[in-house]
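Asks:
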Amino acid sequence: MPTINRLSLFDSALLQPSLVDALRKLDPRVQWRNPVMFVVYAGSLFTTGLWLQALGGQGEAPAWFIGAITLWLWFTVLFANFAEALAEGRSKAQAAALRSTKKTVLAKKLREPRYGAQVVSVPGADLRRGDVVLVGTGDMIPADGEVIEGVASVNESAITGESAPVIREAGGDFSAVTGGTTVLSDWIVVRVTANPGEAFIDRMIALVEGAKRQKTPNEIALTILLVALTLIFLLATVTLLPYTLFSVEVAKVGHPVTVTALVALLVCLIPTTIGALLSAIGIAGMSRMLGANVIATSGRAVEAAGDVDVLLLDKTGTITLGNRQASAFMPVRGVTEEQLTDVAQLSSLADETPEGRSIVVLAKQHFNLRERDIHALGATFVPFSAQTRMSGVNLGSRQIRKGAMDAIRHYVEANGGSFPQEALQAADDVSRRGSTPLVVADGGQVLGVIELKDIVKGGIKERFGELRRMGIKTVMITGDNRLTAAAIAAEAGVDDFLAEATPEAKLALIRQYQAEGRLVAMTGDGTNDAPALAQADVAVAMHSGTQAAKEAGNMVDLDSNPTKLLEVVAVGKQMLMTRGALTTFSIANDVAKYFAIIPAMFVVVYPQLDALNVMHLGSPMSAILSAVIFNALVIVALIPLALKGIAYRPQAAAVVLRRNLALYGLGGILVPFLGIKLIDLGLVALGLV
Numbered sequence: 001m002p003t004i005n006r007l008s009l010f011d012s013a014l015l016q017p018s019l020v021d022a023l024r025k026l027d028p029r030v031q032w033r034n035p036v037m038f039v040v041y042a043g044s045l046f047t048t049g050l051w052l053q054a055l056g057g058q059g060e061a062p063a064w065f066i067g068a069i070t071l072w073l074w075f076t077v078l079f080a081n082f083a084e085a086l087a088e089g090r091s092k093a094q095a096a097a098l099r100s101t102k103k104t105v106l107a108k109k110l111r112e113p114r115y116g117a118q119v120v121s122v123p124g125a126d127l128r129r130g131d132v133v134l135v136g137t138g139d140m141i142p143a144d145g146e147v148i149e150g151v152a153s154v155n156e157s158a159i160t161g162e163s164a165p166v167i168r169e170a171g172g173d174f175s176a177v178t179g180g181t182t183v184l185s186d187w188i189v190v191r192v193t194a195n196p197g198e199a200f201i202d203r204m205i206a207l208v209e210g211a212k213r214q215k216t217p218n219e220i221a222l223t224i225l226l227v228a229l230t231l232i233f234l235l236a237t238v239t240l241l242p243y244t245l246f247s248v249e250v251a252k253v254g255h256p257v258t259v260t261a262l263v264a265l266l267v268c269l270i271p272t273t274i275g276a277l278l279s280a281i282g283i284a285g286m287s288r289m290l291g292a293n294v295i296a297t298s299g300r301a302v303e304a305a306g307d308v309d310v311l312l313l314d315k316t317g318t319i320t321l322g323n324r325q326a327s328a329f330m331p332v333r334g335v336t337e338e339q340l341t342d343v344a345q346l347s348s349l350a351d352e353t354p355e356g357r358s359i360v361v362l363a364k365q366h367f368n369l370r371e372r373d374i375h376a377l378g379a380t381f382v383p384f385s386a387q388t389r390m391s392g393v394n395l396g397s398r399q400i401r402k403g404a405m406d407a408i409r410h411y412v413e414a415n416g417g418s419f420p421q422e423a424l425q426a427a428d429d430v431s432r433r434g435s436t437p438l439v440v441a442d443g444g445q446v447l448g449v450i451e452l453k454d455i456v457k458g459g460i461k462e463r464f465g466e467l468r469r470m471g472i473k474t475v476m477i478t479g480d481n482r483l484t485a486a487a488i489a490a491e492a493g494v495d496d497f498l499a500e501a502t503p504e505a506k507l508a509l510i511r512q513y514q515a516e517g518r519l520v521a522m523t524g525d526g527t528n529d530a531p532a533l534a535q536a537d538v539a540v541a542m543h544s545g546t547q548a549a550k551e552a553g554n555m556v557d558l559d560s561n562p563t564k565l566l567e568v569v570a571v572g573k574q575m576l577m578t579r580g581a582l583t584t585f586s587i588a589n590d591v592a593k594y595f596a597i598i599p600a601m602f603v604v605v606y607p608q609l610d611a612l613n614v615m616h617l618g619s620p621m622s623a624i625l626s627a628v629i630f631n632a633l634v635i636v637a638l639i640p641l642a643l644k645g646i647a648y649r650p651q652a653a654a655v656v657l658r659r660n661l662a663l664y665g666l667g668g669i670l671v672p673f674l675g676i677k678l679i680d681l682g683l684v685a686l687g688l689v
């Protein structure tokens, strides 16, 4: 993926624009979108009017007190705006990095959809869906599309950040190409699949900037709860004014509560902390997902990832290494194992693939074959290509090749040899075991078969154990037969497996789990995965996959790493846990504010309420002002937590709930007591109250 400026929260390049945006968000049309903070906004306007009235000598309280309350109420609104602007600012920095990858190029548009047709040079921006272009060595792919002819090596580092080239070819699961990437070798004919402004990069930019961010179902439900609490506190606060008027009239002592104090009480009791940070938490969740090189099409997808309780994982590349390792040399009759090993190693000395390196290592281990003088051999190495599906070495007139069985068979027959039945049987046995056969030939003679075994990834069993403790069921999906699938499933520690999987079987399995009320996540990259991806609640499509898969999924992994599904779940759960923890903290805050403000407001009329002044605050005015100041400052203190997320631990939901209740529930009660008391001591010491 493009290099994104990982700006710290206190970087001036991020702070200054965010402060300006915070002021812009004072527009009532913007404030109205957040009902909780709109109440604070309205209260700030109201007390501003009271302050101006007090300056004219007609105030209900000292002008300095009303002014101080008003100032901190405006700070509360600004800090909430600042939290959202800061989250958006980080996303804008990511979007700027993405936008820098967009370049205008000339495209070789074909008049007919075939190689060799007449070529017309047109600006890439003029291409439309359905146009066909030719892209050759060194050319930049002008638009998103699918390869319909040819095969080429493509550098996708502009999108994925991965410098290693990838193969893109027609007719397979690796046919999708992205505008802005570069062809390194060979040529491809591409059919454009996106109009200008609809390309993958454009959609990424729009999503990252938050232009299309919609509230998720949980966020909407929480907003409704916060609005309900706000209305309850609003009604309760409004009734206090006539109540105090009546109480003063009856007791013939003291004075009615001021409207300024009532506004302060309302702002302190409504859930301003989570109301201020709720939007920032959602934006930051999508930003963290992008930090993992995953594009989520909506906040709903990120949220659903946090609720997932069934993971469907492909075996190859997820549970197993995918880059298969040589495990055995199987010579045909008349060839010794040492002869096969010697030739296999010669063919792999310049092979930099994991499979090639593993063959060299296995040869060293079996027969101590090492320290070969390549120059003395006069070797000319033949690299692997997508067309030949072979690699090898030429030693003078001697031609050694290794590759896929059908490719080697054609090669041997082309050199006047025959493919022995024994090699066919060995290759078939290897395939039935779930391994991959590589056939080795010396000219027209087949020497034997190398077995490439898929190795279960180290530590994957422990990760599945963590998921199990979180209540998430893992299901391995593989095309292997049941015996091979069962052996790998047992070794990997998954809860269940689906063998000999077909697209219909995957779809049926997802529907079965969903019928049981479970949320299902899966990954896929092929057109045959599209139905299952469309059905899954969280569908992570590989960027290297087909256009159909990417359109069916609600997330795209730019690294095309199937194991990313585990990270996706972690980010989703972290967002949900952060939202839940800060909601708990915000509501728990009310307890301390109640003990600070209520006694201060009514102690003159009801001296018995002084018993509730457990913090022994300096005076009624300092108590009210201290609570308002704390209410504003706690938002600032929690901005880093809202943007970074609380620490994620793979634990069961009950354990997480108990921990968060203890930390953020009990902490939400105790911290305000300490904070308000310290602020009160500071105000008294400075002689401000």
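Residues 1 to 689 (this note's numbering) make up the sequence shown, in order.
Virtual Cβ for every residue (Gly too), placed ideally from N, Cα, C.
On the CB-based measure, 16 or more other CB atoms within 10 Å of its CB, does N368 come out buried or exposed?
Replies: So N368 ends up on the exposed side.
Asks: In whole angstroms, what separates the C-alpha of T70 from that of L14?
Replies: Distance between the alpha carbons of T70 and L14 is about 28 Å.
Asks: May I have the straight-line CA-CA distance separating V656 from G645, to the nearest angstrom?
Replies: Answer to the nearest angstrom: the Cα atoms are 14 Å apart.
Asks: Mind reading off the beta-carbon distance from L565 to A530? Whole number of angstroms is fine, and I expect it under 8 Å.
Replies: Actually they are not in contact, since the Cβ atoms of L565 and A530 sit about 17 Å apart, beyond 8 Å.
Asks: For the beta strand (DSSP E) containing P123, list its first residue and its last residue.
Replies: Counting along the chain, the beta strand (DSSP E) containing P123 begins and ends at V119 to P123.
Asks: If you follow the alpha helix (DSSP H) that D342 is part of, which residue opens it and which one closes it?
Replies: That run of the alpha helix (DSSP H) goes E337 to S348.
Asks: Measuring CA to CA, which of I597, I408 and V294 is closest to M542?
Replies: It is V294 whose Cα lies nearest to the Cα of M542.
Asks: Between the Cα of L240 and those of L452, L265 and E219, spot the shortest distance and give me the residue it belongs to.
Replies: Nearest of L452, L265 and E219 to L240, Cα basis: L265.
Asks: According to DSSP, is S247 part of a helix, a strand, or is it coil?
Replies: Here S247 sits in helix by DSSP.
Asks: Where does the unbroken beta strand (DSSP E) through E149 begin, and where does it stop?
Replies: G145 to N155 is the extent of the beta strand (DSSP E) around E149.
Asks: I141 by DSSP, collapsed to three states: which one?
Replies: Correct three-state label for I141: coil.
Asks: Figure out for me which residue from D126, T273 and I148 has the closest Cα to the Cα of D590.
Replies: Closest option to D590, Cα to Cα, is T273.
Asks: Which one of T478, F497 and T47 has the shortest CA to CA distance from V702?
Replies: Since the displayed the chain opens at 1 and closes at 689, residue 702 lies outside it and no answer follows.
Asks: Going by the beta-carbon positions, is the gap between A492 and V540 smaller than 9 Å?
Replies: Cβ atoms of A492 and V540: not closer than 9 Å.
Asks: Looking at the secondary structure, which residues open and close the beta strand (DSSP E) in which S431 lies?
Replies: Run containing S431: none in the beta strand (DSSP E); it sits in the alpha helix (DSSP H), Q421 to R432.
Asks: For A404 and Q535, I'd like the C-alpha separation in whole angstroms.
Replies: Those two C-alpha atoms are separated by around 35 Å.
Asks: Within 10 angstroms of the Cβ of V288, are there 16 or more other Cβ atoms? Answer buried if so, exposed if not.
Replies: Correcting the residue type first, residue 288 is Arg in the shown sequence and not Val. Label assigned to R288: buried.
Asks: V690 lies in the alpha helix (DSSP H); which residues open and close that run?
Replies: Residue coverage of the chain in this structure runs from 1 to 689, which leaves residue 690 outside it and unanswerable.
Asks: Could you check the C-alpha separation between A251 and K25 for me, to the nearest Å?
Replies: About 46 Å.
Asks: Check whether the region 421-437 touches the region 395-403, taking contact to mean three or more Cβ pairs, one atom from each stretch, closer than 8 Å.
Replies: With the cut-off at 8 Å, the region 421-437 and the region 395-403 do not touch.
Asks: If I'm right that V446 touches V475 with Cβ under 8 Å, what's the distance once you round it to whole angstroms?
Replies: About 40 Å; that fails the 8 Å criterion.
Asks: Pull up the CB-CB distance for F75 and A22, whole angstroms please, since I reckon it's below 8 Å.
Replies: So it is not a contact: roughly 11 Å between Cβ atoms.
Asks: Which one of A87, G49, E60 and P62 has the shortest CA to CA distance from L19?
Replies: Closest by alpha carbon: A87.
Asks: Mind checking which residues open and close the alpha helix (DSSP H) that includes M555?
Replies: Not the alpha helix (DSSP H): M555 falls in the beta strand (DSSP E), residues M555 to D557.
Asks: In whole angstroms, give me the CA-to-CA distance for P383 and G459.
Replies: Looking at the two C-alpha atoms, the distance is approximately 33 Å.
Asks: Note the first and the last residue of the continuous beta strand (DSSP E) segment covering E504.
Replies: No beta strand (DSSP E) contains E504, which is instead part of the alpha helix (DSSP H) from P503 to A515.
Asks: From the DSSP output, read off the bridge partner residues of P599.
Replies: For P599, which the question treats as bridged, DSSP gives no partner whatsoever.
Asks: What are the complete alpha helix (DSSP H) segments, minimum 4 residues, inside the region 436-511?
Replies: As far as the region 436-511 is concerned, its whole alpha helix (DSSP H) runs of at least 4 residues are 460-469 and 482-492.
Asks: Quick check on the burial criterion: 16 or more other C-beta atoms within 10 angstroms. Buried or exposed for W32?
Replies: W32 comes out exposed.
Asks: Kindly list the residues whose CB is nearer than 6 Å to the CB of T690, restricted to its own chain and excluding five residues on each side of it in sequence; keep chain order.
Replies: Since the first residue shown for the chain is 1 and the last is 689, residue 690 is missing from the structure and cannot be characterised.
Asks: If you reduce the DSSP assignment to three classes, tell me which class K212 lands in.
Replies: Because the pLDDT at K212 is just 47, under 50, the model does not fix this residue reliably, and the point stays unresolved.
Asks: Grouping DSSP H, G and I as helix and E and B as strand, with all else coil, what is V361?
Replies: Here V361 sits in helix by DSSP.
Asks: Could you give the distance in angstroms between the alpha-carbon of Q387 and the alpha-carbon of V166?
Replies: So the two alpha carbons sit approximately 14 Å from each other.
Asks: Between F602, G665, L678 and G618, which has its C-alpha nearest Y243's C-alpha?
Replies: Closest option to Y243, Cα to Cα, is F602.
Asks: Using 8 Å as the threshold, is the region 502-521 in touch with the region 323-336, meaning 3 or more CB pairs across them?
Replies: These segments do not touch.
Asks: On the DSSP letters alone, give me the boundaries of the alpha helix (DSSP H) that W51 sits inside.
Replies: First-last of the alpha helix (DSSP H) with W51: P35 to L55.
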